[in-house]
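In this note's numbering, the protein residues as written are 101 to 473.
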């Protein structure tokens, strides 16, 4: 990943033909003094609670988002389906306006929840990777039946916790649907991680590896030996720093992930507790790492930017189209105004993207070569 100066992007049929000098006789769109950036990949979110913004701040994880009696689930139970769909659609439009071109949603509420999200996304140019989940507390036959119904229409499963369903059931589904995405929350909460170690002699991350997941989310309290297992199996990780912070669950040590060889993306997590703003996620994560380690050089800026773009695309298996600007990929990019009050006099563009830029600096967004904003 590099900054290319004084260049033109050639677009044909919604894809990048080349990056370099303008092509003779091509239609030219002069974007002025601007920085063109790939759009963001929000590798983990929950759009279902878009209508509950800032509900539950100051409460711990268990009281806010853990079913069946968490504040979030009580809120969702009181919504009529159409209102809920409109709220999720609003969340998707927020993402688009902030430069997010794709997201992975861990969709609650079973088959109906998946169908509601698909309705919410109709007609919008954001790619939604819908990862459904089954109702917890059912018997094995009921879990399997609901899982099959979900997997027939969803992109995969987004599992709340390694203890949510029998591992053998998820392993069976994994074999039956090898091309679907299987992802899981792990090691988010310190007490849950301690309980896993106490009851099984393993952390949640190691236990989750038994289902051969495509990616794991949080890993806030994953031990070094288990991180090494994740790296050895080349499984992607996704961190959600602002959500972990506001819930008081601790902060992910991504510099340790990088040193161990774990590739990671970034997610904004629940809409109720964190805005879908990858600029803020990158800035928070980068500053937190440097302050936590008391080392301003603990992690490279490009590692943070990659986490919000190409790494997230790889985790979601959409990197053939998105996550970077290169020949053959979708011509979907942000145009940041380098003459804005905020970005004028910038000396390091990559650092500015991670630490200084914000939504107000986006002058235009192009999706598949067409101006969207």
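Don't be surprised by glycine CBs; every beta carbon is placed ideally from N, CA and C. Every value quoted in this text rests on a predicted model; they were computed, and no experiment measured them.
Just so you know, the alpha carbons of residue 114 and residue 131 end up roughly 18 Å apart. Residue 325 sits exposed, since fewer than 16 C-beta atoms from the chains shown fall within 10 Å of its C-beta. In the displayed model, residue 369 falls within a strand according to three-state DSSP. Around the beta carbon of residue 142, 16 or more other beta carbons lie within 10 angstroms, which makes this residue buried. When DSSP reads this structure, residue 302 sits in no beta bridge, so it has no partner. Spanning the alpha carbons of residue 342 and residue 182 requires a straight line of approximately 29 Å.
The beta carbon of residue 289 is closer than 6 Å to those of 161, 349 in its chain, skipping five residues each way along the sequence. Of the residues assessed, residue 209 falls on the buried side of the cut-off, its CB having 16 or more other CB atoms within 10 angstroms. Out of 386, 469, 265, the CA that lies nearest to the CA of residue 421 is found in 469.
A contact is defined here as three or more CB-CB pairs under 8 Å, and the stretch 437-444 fails this definition with respect to the stretch 403-410. Here the alpha carbon of residue 386 sits roughly 8 Å from the alpha carbon of residue 399. Contact annotation: residue 434 and residue 199 have beta-carbon atoms nearer than 8 Å.
Contact between residue 234 and residue 253 fails: their C-beta atoms lie close to 14 Å from each other, not under 8 Å.
In the three-state scheme derived from DSSP, where H, G and I count as helix and E and B as strand, residue 451 is classed as helix.
At a Cβ-Cβ threshold of 8 Å, residue 119 and residue 129 do not count as neighbours.
In the same chain as residue 269, and ignoring 5 residues on each side of it, the C-beta atoms closer than 7 Å to its own belong to 240, 243, 244, in chain order. A Cβ-Cβ separation of about 7 Å places residue 109 in contact with residue 431 under the 8 Å criterion. Here DSSP, grouped into helix, strand and coil, assigns residue 171 to helix.
Following the DSSP letters along the chain, one finds residue 213 inside the alpha helix (DSSP H) bounded by residues 210-221. Ranked by how close their Cα comes to the Cα of residue 219, the residues 237, 186, 194 have 186 in first place.
Here residue 430 is bridged, per DSSP, to 115. DSSP places residue 384 in the helix class (H, G or I) of the three-state scheme. By the CB criterion at 8 Å, residue 310 and residue 340 fall outside the cutoff.
The C-alpha of residue 413 lies about 5 Å from the C-alpha of residue 423. For the pair residue 463 and residue 437, the CB atoms are nearer than the 8 Å cut-off. In this chain, the alpha helix (DSSP H) harbouring residue 355 covers 354-360.
Contiguous alpha helix (DSSP H) elements confined to the stretch 231-290 occur at 240-251, 267-276, taking only those with 4 or more residues.
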